[in-house]
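Worksheet for the structure shown next.
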Amino acid sequence: MTADSSHTHAHDVEEGLTFQPKFDASGLVTCVATDAGNGDVLMV
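This is the structure:
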């Protein structure tokens, strides 16, 4: 894999249409819930 293709892959993970969450060693993923009306953070 070249540096260019890894950059493309990283962009696809962050901006692509496929949901690809990053789980930690315990199988958990960080999530943030926000209020749709005002953007307040409700839960992390």
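Numbered per our numbering, the sequence shown finishes at 1060, counting up by one with no gaps. Glycine included, C-beta positions come from ideal geometry on N, C-alpha and C.
query, result
"Neighbourhood of V1045 by C-beta, 7 Å cutoff - its chain only, sequence neighbours within 5 removed", "P1037, K1038 and F1039"
"D1028 versus A1052 - alpha carbon distance", "26 Å"
"Spatial distance of M1059 from L1033 (CA atoms)", "25 Å"
"C1047 versus V1057: straight-line alpha-carbon distance, rounded", "11 Å"
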